[in-house]
Amino acid sequence: MRGFKLVQLKQTAWAALVLLVAAPASAQANLAEVEVKATQVAGNVYMLTGMGGNIGVYVGDDGVVMIDAQYQGLADKITAAIAAVTEQPIKTLVNTHFHGDHTDGNAPFARNGVMVVAHENVKTRLAANDKFDRDGLPKVTFSDGLEVKAGSQSVRLQHYPNGHTDGDVVVWFPQANVIHAGDLFFVDRFPFIDLNAGGNVQGFIDNVRAVIAELDTQTQIIPGHGPLSKRVDWLRLVHMIEATREEVLTLKQQGMSVEQVIEHGLSEQWQAWSWSFINEERWIRTLYQ
Ligand SMILES: [Zn+2]
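With mature numbering (1 follows the signal peptide of the UniProt record, and there is no 0) applied, the sequence shown corresponds to residues -27 to -1, 1 to 262, in that order.
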């Protein structure tokens, strides 16, 4: 894959995602070198980084709710990172959507008695994938929203249809003023919008705007990919999508084919948003459809 050489030039977390898409075998070997780090976000909410989607951790009175699970080969390191911040057992694992960099790690946790929870479309898509470890299939599913009890409080899950995929869930942590946005948020990068799995550009914009309307300027957002962020950072993504879509639509209306638009390119200011997995060409193809 073309992006492979670029990998060396990019930040580790982003490069890792591409590596796994491009070369699963070498990436598996790579997992041995991945360090899983926990950062306290606020109160009893933590963010874990390793390889793949950011993990959210909520420490309740009687157990831990974790959000997303990265890769199977990282399960021991993820477990150790959580054990370093609390003695509470991990009870529930929520998937923000079905992509492998968020769900591949489900199975080892499920085998340890952790309850996997996801939107019903996530279960359907995982079940249809022969390569997905059956032990990691969600045991509890929902269609619109769900409250997950965590001792005296609960974590709120809300489904947003047809954005990044058709099974996106945003997770709201009580009292901490923190949310986990899943892959509705790629920080300062062209987002992956999975048009083959119910993703939709307008839906993505609408869903992000709907979530943002419920946040204040201090709300901390754990993004699917990238560093801990705030509302203003997420708005920057929405503005980029709207502006680049406008550029592509204008060229399309002038009669340009998708190949011609790629040849023409986006304006200079969007160059920095390009990365190895979703480069400018792939982003234009997403917008052109
Ligand atoms: Zn994703």
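From the three backbone atoms N, C-alpha and C, an ideal C-beta is built for every residue, glycine too.
Practice problem: Look at residue 99 and residue 44 and say whether their C-beta atoms are less than 9 Å apart. | Solution: no
Quiz prompt | Where the alpha helix (DSSP H) containing residue 74 begins and where it ends | solution = Run containing residue 74: 73 to 76, per the alpha helix (DSSP H) assignment.
Practice problem: For the alpha helix (DSSP H) containing residue 212, list its first residue and its last residue. | Solution: 204 to 226
Quiz item: Name the DSSP bridge partner or partners of residue 196?
Solution: 155
Self-check item: Check: residue 139 C-beta below 8 Å from any heavy atom of ligand 3
Solution: Ligand 3 is not among the ligands present in this structure, which contains only ligand 1.
Quiz item: Looking at residue 247 and residue 163, is the spacing between their C-beta atoms short of 9 Å?
Solution: yes
Quiz item: Looking at C-alpha atoms only, which residue of 126, 103 and 97 is the closest neighbour of residue 112?
Solution: 97
Quiz item: Taking the continuous alpha helix (DSSP H) assigned at residue 141, which residues delimit it?
Solution: Element bounds for residue 141: not the alpha helix (DSSP H) but the beta strand (DSSP E), 141 to 146.
Quiz item: Who sits around ligand 1, taking every residue whose Cβ is closer than 5 Å to one of its heavy atoms?
Solution: With the criterion CB distance below 5 Å from any heavy atom of ligand 1, the matching residues run 72 and 156 along the chain.
Exercise. Counting only the same chain and skipping the five closest in sequence on each side, list residues whose C-beta sits under 7 Å from that of residue 13.
Key: 19
Quiz prompt | Cβ-Cβ distance between residue 41 and residue 55 below 9 Å | solution = Going by C-beta atoms, residue 41 is not nearer than 9 Å to residue 55.
Self-check item: Cβ-Cβ separation, residue 47 to residue 9 (assumed contact under 8 Å), whole Å
Solution: 6 Å
Quiz item: When burial is assigned at 16 or more other CB atoms within 10 Å of the CB, is residue 92 buried or exposed?
Solution: buried
Quiz item: Around the Cβ of residue 121, are there at least 16 other Cβ atoms within 10 angstroms (buried) or fewer (exposed)?
Solution: buried
Quiz item: Using the beta-carbon count (16 or more within 10 Å), is residue 154 buried or exposed?
Solution: Burial state of residue 154 is buried, judged by a 10 Å Cβ sphere holding 16 or more other Cβ atoms.
Quiz item: Whose CA, out of 147, 137, 138 and 63, lies closest to the CA of residue 130?
Solution: It is 147.
Exercise. Return the chain-ordered list of same chain residues with a C-beta closer than 7 Å to the C-beta of residue 213, the five sequence neighbours on each side being excluded.
Key: 243 and 246
Exercise. Could you pull out every unbroken beta strand (DSSP E) segment of at least 3 residues lying fully inside the stretch 25 to 96, listed in chain order?
Key: 28 to 33, 36 to 40, 63 to 67 and 88 to 92
Quiz item: How would you write the range of the beta strand (DSSP E) that residue 12 sits in, first residue to last?
Solution: Under the DSSP assignment, residue 12 falls in the beta strand (DSSP E) whose first and last residues are 10 to 15.
Exercise. Can you have a look at residue 173 and say buried or exposed, based on whether 16 or more other CB atoms are within 10 angstroms of its CB?
Key: buried
Practice problem: Determine the direct distance from the alpha carbon of residue 57 to that of residue 211, and round the result to whole angstroms. | Solution: 36 Å
Practice problem: Kindly identify the DSSP beta-bridge partner or partners of residue 115. | Solution: 92
Quiz item: Are there three or more Cβ pairs, one per stretch, closer than 8 Å when the stretch 175 to 193 is compared with the stretch 133 to 143?
Solution: Taking 8 Å as the limit for Cβ pairs, the verdict is that the stretch 133 to 143 does touch the stretch 175 to 193.
Exercise. Kindly say whether residue 196, judged by its beta-carbon, lies nearer than 9 Å to any beta-carbon of chain B.
Key: Judged by its chain identifiers, the structure shown contains no chain B, having just a single protein chain.
Exercise. Assign residue 62 to one of two classes, buried (16 or more other C-beta atoms within 10 Å of its C-beta) or exposed (fewer than that).
Key: exposed
Quiz prompt | residue 181 - containing alpha helix (DSSP H), residue span | solution = 174 to 185
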